[in-house]
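The opening position of the sequence shown corresponds to residue 3 in this note's numbering, with each subsequent residue numbered one higher. Quick reminder that beta carbons are idealized off the backbone N, C-alpha and C, glycines included. All of these numbers come straight from a predicted model, not from anything done at the bench.
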Amino acid sequence: MNQNVRSNKEFSRGDIFMMNPNPTKGHEQGNYRPFIVLSEELQKFSPHMLQVAPITSQRKGYPLHVELQTLNHNVGGLVLTEHTRTIDVMAYSVSFKVIDEATTECILECKKIIDSF
């Protein structure tokens, strides 16, 4: 995975890519990890702005965590819907490579929880 070139890829809802979101504060999830793209609406106006949520392998039984279901089974874990954030991919000096895609059911479950906040 080439991490040296900024990507101009237009992401789609459900795309999963690796990212290091640091710096973070408090309980925000940091370090290099997979993230899922949950936005669709933002991309119509600004394709480089994405609403994303981190994915973890730690199973703690929290009701806001959604079991990740993917099309290619390259990534497993739980989507941390309580840690959604909006990022500007152009602000990062790395390229983001899509490594898998979430199922429609997984995306809808995440959005249902987020919309209930």
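The beta carbons of Glu107 and Thr72 sit no closer together than 8 Å. The count of Cβ pairs closer than 8 Å, one atom from the segment 82-98 and one from the segment 51-59, reaches three, so the stretches are in contact. Per DSSP, reduced to three states, the secondary structure at Leu110 is helical. In the three-state scheme derived from DSSP, where H, G and I count as helix and E and B as strand, Val54 is classed as strand. Look at His67 here: in three-state DSSP terms it is strand. In terms of Cβ geometry, Arg35 and Ile57 form a close pair [threshold 8 Å]. The Cβ atoms of Glu84 and Leu66 lie closer than 8 Å to each other. By the beta-carbon neighbour count (other beta carbons within 10 angstroms, threshold 16), Leu110 is exposed. Within a 10 Å sphere around the beta-carbon of Phe13 sit 16 or more other beta-carbons, which makes this residue buried.
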